[in-house]
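Chains as they are written, first to last, in UniProt numbering: chain A, 1 to 341; chain B, 1 to 341.
Report on the structure given below.
There are 2 protein chains.
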Amino acid sequence: MVTIKDIAKIAGVSPSTVSRVVSNHPRISHETSRKVKAIMEQEGYHPNIMAKSLVSKTTQTLGILLPRPAEELFQNDFFGELLRGIVTQATSAGYDTLITTVTKDTDELMAISRLVRGQRVDGILLLSSRTSDPVIGFLQENEFPFVLIGRSDDYQDVLSIDNNNVQAAQDATNHLISQGHTRIGFINGPTNLVVSQDRLAGYHKALCEANIVARPEWAIAVDMMQQSGFRAISGYMSMPDRPSALVVFDDAIAFGVLRGLTELGYSVPEDISLVSFNNIPLSGVASTPISSVDIGIYHLGYTASQFLLRSAQGKPLPEDQIIIPHRLIVRKSSINQISSE
Amino acid sequence: MVTIKDIAKIAGVSPSTVSRVVSNHPRISHETSRKVKAIMEQEGYHPNIMAKSLVSKTTQTLGILLPRPAEELFQNDFFGELLRGIVTQATSAGYDTLITTVTKDTDELMAISRLVRGQRVDGILLLSSRTSDPVIGFLQENEFPFVLIGRSDDYQDVLSIDNNNVQAAQDATNHLISQGHTRIGFINGPTNLVVSQDRLAGYHKALCEANIVARPEWAIAVDMMQQSGFRAISGYMSMPDRPSALVVFDDAIAFGVLRGLTELGYSVPEDISLVSFNNIPLSGVASTPISSVDIGIYHLGYTASQFLLRSAQGKPLPEDQIIIPHRLIVRKSSINQISSE
DNA sequence: GAACAGCGTGCATACGTTTGCACCTGACTG
DNA sequence: CAGTCAGGTGCAAACGTATGCACGCTGTTC
């Protein structure tokens, strides 16, 4: 492999000069620069990044700790889109993106520790938004740049990029209310996720502000598999007194719900209206197109990446929390004027 | 940051000894090893990976060149699942995974060149399966370890991990034939992808073997957006003489087709049967569950990663092409005994 | 009792860069 | 004409680790 010394020898200059040419040092003569650059091109020279990192103490790399394979994020489009946002921004800033994953919860700290202590990355992007995350504590102690996608109540002064999920759920619920519904249920995601808690809170807030009394038995939690949406809906429909509309945590679950309803002979939105979250591409081509809150997943990743880079470069971070705007996309599943009771 | 020298000083030994402890050198006394390990633990020492790489000429990292953001793979579940397979295998072997992407085609070579020449990764995983890919040529010239997910006809001696897409399409088509269909159409993906060509070939082969004459106007190509499936189907249905069954390139497109059919007042599988590919989780909960060929995406990524690691470690590669088995999952969209004509 | 084997450790060098400092040259100043 | 200055370049040290070689020590063998 051709090194800086080889180039220097061919060009008849010292390695330092070549190095300065590479970094566009101001005090290199135009002619030398031109000559060296030509030789680099001709020899196909690229600086060895390891050597560079060793002295510069910087890796030009961002780390991402993936949620465990078993976890939900991998199950649907969310992750791919998020990653696209992250990588696009990082790449445009000349950074690479490093991915690690773990199989057991207990390995998480080890994996992070390896990245941080081994100085393999300049900053870390955390995807999990569990209520309590030891990784956050570790990163804070070591004053290592990191950004959280999501939110954590248990730690202070953490830069996190998130949607206003309370507001988003409130918007979704209010939309149903504005369509004349008063009997509104909620199918939530895993309750240990902050986002689930936020959306549930938004749902309750909307009901409260509309002076609708929440019915506890109408708010349930399922895991992220669309099968569970399928199962959940039959529970609802067998209730003697059932809701006329549902807010659903996630499009994948909503698909299951929709399918269950069809199978049971109900139709959407006539018998029951639906609004869900994430607005994955397929939402629009479901048998009944599903109204969904677009939470700007790409934007989320892009922004997180952007702020992490700033932080990694030692620049001050503007705020403690960045909110990515959401937008309710109304489709057929919730367009319905039911008779007011 | 604590280095090997610090540990050495505290333990009262030389850095070499510490280094040997870390790598479990046989000629280190048990007691020294124990003592040094205790100190490493206590000081939170992790070897600097950059320095390590510099001397060992190895990075313990795999590179992935993402398809361009605009490209299809990002659009659906395929990519997330593939990545999960790749990263899981790599991580279990102690490797990290580095992701880069480019915005323009012309940047691809630059990006790859940076990784290879800069010795940033030990091997590269190529996701694109375009018929002609300059990146493959570059990697071959430089004798750099790489594995192709997909297939390329233009280069010899490339280790590629792929499905038998010809067979898969043949199976899908045969399934429709076995259901009594003789009027079978094909909605293909982008024609510059090898996989599209293979599936089209399999479709033709099945027809041919069943002595069914292929109708050129029944085989069309669309891009990967599900909207295009939506549009395509109206073209079919306005034909005076239309197929009774369709093989569709991808689940996302199939969703669009399904939706189009419903909108036009047709039902599946009664008016028209469908079989598609990829078997994404949502296929099973479509309004009519879609029959789909499961191509083992996770398995594809996992295996590719596995062979790339072998190659990166200088081990010989067993074969030129590894085939990941596929499996047709029959669902309602294709279960239909139509009257034989 | 000398020679030798084997174990455990340290010294020195190398990996490919960056960068502070010093040096040289020529031009310009007073 | 000596002195200053700025531009252009090279020297050498440093980053943190791995490893071939040499060295000292202990115990064994003839």
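The C-beta atom is built at its ideal place from N, Cα and C for all residues, glycine as well.
None of the values given here were measured: they were computed from a predicted structure.
Coarse secondary structure for leucine 148 of chain A, derived from DSSP in three states: strand
Alanine 70 of chain A at chain B interface by Cβ criterion, 8 Å: With a pLDDT of 49 at alanine 70 of chain A, under the threshold of 50, the modelled position of that residue is not reliable, and no figure is offered here.
Local Cβ density within 10 Å of histidine 30 of chain A, reported as buried at 16 or more and exposed below that: exposed
Cβ-based contacts, 7 Å cut-off: residues of the segment 82-101 of chain B near chain A: Arg84, Val87, Thr88, Thr91, Asp96, Thr97, Leu98, Ile99, Thr100 and Thr101
Rounded Cβ spacing between leucine 274 of chain A and isoleucine 149 of chain A (contact assumed at less than 8 Å): 26 Å between Cβ atoms; not a contact.
Aspartate 198 of chain B versus glutamine 227 of chain A - alpha carbon distance: 33 Å
Three-way DSSP call (helix, strand, coil) for valine 13 of chain B in this model: coil
Simplified DSSP state of isoleucine 335 of chain A, which is helix, strand or coil: coil
Any non-hydrogen atom of the ligand ATP within 7 Å of isoleucine 184 of chain A CB: The ligand ATP is not among the ligands present in this structure, which contains no ligands whatsoever.
C-alpha distance - phenylalanine 307 of chain B paired with glutamate 217 of chain A, whole-angstrom precision: 52 Å
Proline 47 of chain B: contacting residues in chain A (beta-carbon distance under 7 Å): Gly118
CA-to-CA distance, threonine 100 of chain B to alanine 70 of chain A, given in whole angstroms: Its pLDDT being 49, under 50, alanine 70 of chain A is placed unreliably in this model, and the value from its coordinates should be taken loosely. Cα to Cα, the separation comes out at about 25 Å.
Supposed close pair arginine 259 of chain B, phenylalanine 230 of chain B - CB separation, criterion 8 Å: 6 Å
Rounded Cβ spacing between glycine 80 of chain B and glycine 80 of chain A (contact assumed at less than 8 Å): 4 Å
Spatial neighbours of lysine 5 of chain A in its chain, beta-carbon cut-off 7 Å, leaving aside the 5 residues before and after: Pro15
Contact check, proline 190 of chain B vs aspartate 223 of chain B, beta carbons under 8 Å: yes
Threonine 88 of chain B versus threonine 303 of chain A: straight-line alpha-carbon distance, rounded: 27 Å
is_contact[aspartate 77 of chain A, chain B] using C-beta, thresh 8 Å: yes
Every unbroken alpha helix (DSSP H) inside the UniProt domain "HTH lacI-type" (2-56) of chain A [4 residues or more]: 4-11, 15-22, 30-43 and 49-56
Distance, arginine 114 of chain A Cα to tyrosine 95 of chain B Cα: 12 Å
Residue(s) in a DSSP beta bridge with phenylalanine 79 of chain A: None, per the DSSP bridge assignment.
Other residues of its chain near histidine 181 of chain B: CB distance less than 6 Å, five sequence neighbours each side excluded: Ser244 and Ala245
Local Cβ density within 10 Å of glutamate 41 of chain B, reported as buried at 16 or more and exposed below that: exposed
Cβ of phenylalanine 307 of chain A within 8 Å of any chain B Cβ: no
Beta-carbon gap between aspartate 157 of chain B and aspartate 320 of chain B smaller than 8 Å: yes
Proximity winner among A/Gln170, A/Gln119 and A/Asn336, relative to threonine 58 of chain A (alpha-carbon distances): A/Gln119
9 Å Cβ cut-off: residues of chain B touching methionine 1 of chain A: Lys57, Arg117 and Gln119
Cβ neighbours of leucine 309 of chain A in the same chain (closer than 6 Å, five flanking residues each side left out): Ala93
Pairwise C-alpha distance: histidine 46 of chain B and aspartate 105 of chain B: 39 Å
Identity of the residue in B/Ser305, B/Pro316 and B/His326 nearest glycine 85 of chain B by Cα: B/Ser305
Own chain partners of leucine 73 of chain A with C-beta closer than 7 Å, once the 5 adjacent residues on each side are dropped: Residue placement at leucine 73 of chain A cannot be trusted, given a pLDDT of 48 that sits under 50; the coordinates are not used to answer.
Min CB distance leucine 54 of chain B to chain A below 8 Å: yes
Inter-stretch contact at 8 Å, needing at least 3 Cβ pairs: the segment 141-148 of chain A / the segment 163-181 of chain A: no
Opening and closing residue of the beta strand (DSSP E) in which arginine 327 of chain A lies: 327-329
Contact set between the segment 251-264 of chain A and chain B, restricted to residues whose Cβ is under 8 Å from the partner: Ala252, Phe255, Gly256, Leu258, Arg259 and Thr262
Neighbour flag for proline 145 of chain B against chain A, beta carbons, 8 Å: no
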